[in-house]
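Protein chains in written order, with the numbering used here: chain S, 1 to 320; chain A, 321 to 640; chain G, 641 to 960; chain E, 961 to 1280. Positions of the beta carbon are idealized from the N, C-alpha and C atoms, including for glycine. What follows is a set of notes on a single structure, which appears directly below.
Below, the structure written as structure tokens:
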């Protein structure tokens, strides 16, 4: 009966808020007392998520001003108290908390339908939670985790690896413009690399590192695939290509790349590398009025980093 | 390393906020969509907790105006959306979120000391969470649970059973006035009765009904004891007094009272009865300037109801 | 719908087994690799639980030979591997796993009734789990926790404080013999002291140390009350008796005893002291054939230690 | 510090056992009382996992006789009691629980290394858990979940979709024989279809259906990728290909296939379809003595079904 909105069991993030309600926000439980929260870095990540100045991004999204209001757990100087950190981001274009909009929100191909199927027929149940706006709260919480990880030398970097079948970054902008002009949408791949993660992160059996990473990443709207190391590309390889000395590349870094930094579900101390597949968006200009994102992978980049950080910090705190 | 601030695994309440920060509040996950939230009942419970017009209560507490601001999960008409319900109560007498006060907050006999020991020496760690003010958020969340339970015919009623060794309600006010005038403090017992709870609530082994109730109740500031049925009073009885027909009272209701409504850790369908012991408050007028509560059990009554409701609704949702 | 049989979130004990099935046992997740498990200490604790040579204990219980068989997680030398430690204790007097006995097991005043109410009418649901035999598995798991705690200088000692209203240990045996001879039963108090626990154990808001201890203790069959520090006895005291220098005892240890070693829900570094109330057993000789325990508190002593250890080790592992 | 070995929060499976210890096994908490456990179906699934009679499977694996011994929670007739179901499978070729083998178990490219890095240097920590033998316990638990699901009309079917880049099933045997003869290994894809799952399974935000499925699947040894719907293949499609009427296939079933049965993280009532990528095994004949699996995807098929069932039944029980 319950919709759980908390991620993590040691470093916990509880998300709340509907896209047309008063505010979205969250509660972060697990930031150690004394941690300096870098507010400017959070603002930058929110700006990246808004897609400002990027090609193929809905103009409405770019207008959003995501101002974070801190409710508890942090001093005016940005020092964490060790208590739950609660924050909110007001929905500036929401006139009131009247949720009138929910009455006319059933768009084919959207989560509206399954929310309706899940929560019942006559109510507005679940409405406004499936909006990508909710990911702004994840970016704030993810930044907390990213800062804790960075303080230990762990860095997370995500980037757009492919737009459709195109993998040449220099051609991305042209392709996105073209798809948007056609009122169409296209899929994409976000790649993510984690450096500095020590060996030993990940539980041996069920909460393996790839299990937690995939769970985190596949909770992002529109994400339909996850792989690490050679992933689906390993189909064209034999074990001897991967593991035998005479066929392995000489460069030790590349050698490690074979595993994606994970062996037996546990980090091996080399860079973690994984890929996230975002499908073509269902909301396409040919079907709906207004302008939409041509490729949701573009703005998903900071959200991939955020969810990666939440998964890693939670596993980290379980280990120590 | 983490301080978990969530109660419940199915019906979940996450509490946040420091007494001198911007706000206290919480997130409630598990109120079914379509539930009508009775805002006036919540206001009344908050008023009861503030102790307005009660004897032996700190005047400062009585001044507090606990205005709830709803952030998500509920329409302007008070209809739950099935999404997380987030709310806050501003700390009206807090000038800013600067936490300057934390520097001079170590009062002997208070949680300040153990918080300090737990979180470290130089920081203000954990500060302001140990204040009884945090219980206002519990009352709001507890009211949600109480309303869900009441809709199924389950009613929770707590009341003051004893002030010190006095059990005659007509003498409570006099005694409280007298203790307060002396700048002293006194312990008390809050009794709680739950009617309408069907048989079968409670897990067989570890999350027995009394285990969950006691965990909930002993999380209230100043509560140092819990018992149910005859509890500590059963020491003066023999098994034959309790269980043999010829020595049992004739009235079937009283007969059930023997068990406190719980057998083998599971509700048996008769009224649940338990007692909560509140110790004399450490903050006594003889030691500290300002006026304090003569007996913390007085204002704890709605908090006992709130925590009972949170425990019961959580167990209920696990069962169904 | 689910009956959770796991205690703890970091140091986890999963209990299984019915009293008349093939075996009882458990899985312990959280014993660090390399820990030496002292098998003899486990055997002694199981012997204490069996009540061998004690007054007022059912002869049948004294016959039980609780032989632990280790299935995983520990070498023949008793070294923990860091993997889940699974063990079983065969039910020697159970002829087969046919559960025929379940058909005639409804004794008034027993958990049989509420189990029936909870799990349905025609099945044997939950049967055999409410037996005190299940506590043997807790004693094994609790010993693991006790050994981990002892290695850090934390010692748990429980003892019988009262049989009925009698608190003089020298009179216990006579009283127990007398009650048993009369075919009756009597309540008792088990007191527990934890020494060597550092300050800082316990979560600030909901998983306070007394919350977790009470939840653990009240999960023991027949336990109907819990208090710490002065507990219910503080009703006859004023705050000035407890907290003012001129009325406090001179001895620093006694001084700390006021708090029971817990302030604000967190250990303060002084000995933890709490009491567990066991009601007169429902199974009394006057009602049932066979001989029964005159006072269940007697054999509960090592179970109180076990549950205390499970609660403390779990909180400890959450902190570190 | 802790290695959690439990999957699920409502329907819970705790796994234990090392490949060279006394036994592997598990505890299943959440099978409703009265459920008939079909023992023959469990035996068949274990047989499928052993790879008996299959091409490219290690002969040693085929010798294993996985006899399940039931310890609790189920009658001799296979009726669940509603209590935890504990079972074990003895390691017949393990002479004793002496774990001597752990001293010489560090094979390059295996989990041995990361286990070592995680648990320390001098001990055998974690050893024997990374073996694929542990998946036998998953198959038993998964069968319980599959039977509960099947009783509600939900069927799970996994099959080998690709061996390397070959997708023609008729050519699989030849290819496997060839790879094995060469002492090499090759990757593969297992596809899984779930039919009969009603709309509404999956949590809206973090425990989305694909999040839980991916977490379950990526916990299987050697699995390095997961996608659903068109997944990684959607890179060659535009939104208009997927969502516009004139370009969509006429057949309503195929139409639904676009989403993989999941919209907004929640099942939409159409068949769920996802793919699992298994990398070429590190243990290849060219490197190690003995004969090994040419393609671990082959024997992973029943394990994919098992983990899918565990994830679905757990989400199901959370919903109801």
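Let me see if you follow: with CB-CB separation under 9 Å, is residue i close to chain S or not?
i: residue 1083 of chain E; result: With a pLDDT of 41 at residue 1083 of chain E, under the threshold of 50, the modelled position of that residue is not reliable, and the figure given next carries that caveat. By this cut-off, residue 1083 of chain E is not an interface position.
i: residue 1204 of chain E; result: yes
i: residue 852 of chain G; result: no
Report yes or no: is there a C-beta of chain C within less than 9 Å of the C-beta of residue i?
i: residue 449 of chain A; result: Although the question refers to chain C, the structure presented lacks it and instead comprises the protein chains S, A, G and E.
In the structure shown, what three-state DSSP assignment does residue i receive?
i: residue 1180 of chain E; result: coil
i: residue 1082 of chain E; result: Bear in mind that the predicted position of residue 1082 of chain E carries a pLDDT of just 35, short of 50, making it unreliable; the figure below should be weighed with that in mind. Coil, per DSSP.
i: residue 1258 of chain E; result: helix
i: residue 871 of chain G; result: helix
i: residue 666 of chain G; result: strand
i: residue 309 of chain S; result: helix
i: residue 587 of chain A; result: strand
i: residue 671 of chain G; result: coil
i: residue 278 of chain A; result: Limits of chain A in this structure are 321 at one end and 640 at the other, which puts residue 278 of chain A out of reach.
i: residue 806 of chain G; result: strand
i: residue 714 of chain G; result: strand
i: residue 258 of chain S; result: coil
i: residue 326 of chain A; result: strand
i: residue 449 of chain A; result: coil
Compare the C-beta of residue i against all C-beta atoms of chain A and say whether one is closer than 9 Å.
i: residue 611 of chain G; result: Absent from the structure is residue 611 of chain G, since the part of chain G shown begins at 641 and ends at 960.
i: residue 219 of chain S; result: no
i: residue 1035 of chain E; result: no
i: residue 746 of chain G; result: For residue 746 of chain G, the pLDDT reaches just 49, beneath the cut-off of 50, and the residue's location in the model is therefore unreliable, leaving the point undetermined.
i: residue 727 of chain G; result: no
i: residue 665 of chain G; result: no
Any beta carbon of chain G sitting closer than 9 Å to that of residue i?
i: residue 326 of chain A; result: yes
i: residue 548 of chain A; result: yes
i: residue 1044 of chain E; result: yes
Quick one: give me the first and last residue of the alpha helix (DSSP H) that residue i is part of.
i: residue 460 of chain A; result: 455-470
i: residue 1003 of chain E; result: 999-1010
i: residue 495 of chain A; result: 492-501
i: residue 876 of chain G; result: Looking at the DSSP string, residue 876 of chain G is not in any alpha helix (DSSP H), and its letter there is neither H nor E.
Kindly indicate if chain E contains any beta-carbon less than 9 Å away from that of residue i.
i: residue 223 of chain S; result: yes
i: residue 329 of chain A; result: yes
i: residue 58 of chain S; result: no
i: residue 332 of chain A; result: no
i: residue 841 of chain G; result: no
i: residue 352 of chain A; result: no
i: residue 524 of chain A; result: yes
Taking Cβ positions, are residue i and residue j nearer each other than 9 Å?
i: residue 1107 of chain E; j: residue 1259 of chain E; result: no
i: residue 846 of chain G; j: residue 545 of chain A; result: no
i: residue 562 of chain A; j: residue 550 of chain A; result: yes
i: residue 36 of chain S; j: residue 145 of chain S; result: no
i: residue 724 of chain G; j: residue 680 of chain G; result: no
I need the boundaries of the beta strand (DSSP E) containing residue i, first residue and last residue.
i: residue 707 of chain G; result: Where residue 707 of chain G is concerned, there is no enclosing beta strand (DSSP E), given that its DSSP letter is neither H nor E.
i: residue 17 of chain S; result: 12-17
i: residue 194 of chain S; result: 188-195
i: residue 594 of chain A; result: 592-598
i: residue 525 of chain A; result: No beta strand (DSSP E) holds residue 525 of chain A; DSSP gives it neither H nor E.
i: residue 81 of chain S; result: It is not in any beta strand (DSSP E) - residue 81 of chain S carries neither H nor E in the DSSP assignment.
Within the chosen definition, does the segment 271-283 of chain S reach the segment 174-189 of chain S through at least 3 CB pairs nearer than 8 Å?
yes
Across the segment 796-816 of chain G and the segment 846-862 of chain G, are there enough close Cβ pairs to call them in contact, namely three or more that are closer than 8 Å?
no
Report yes or no: do three or more beta-carbon pairs, one from the segment 170-178 of chain S and one from the segment 332-346 of chain A, lie closer than 8 Å?
no
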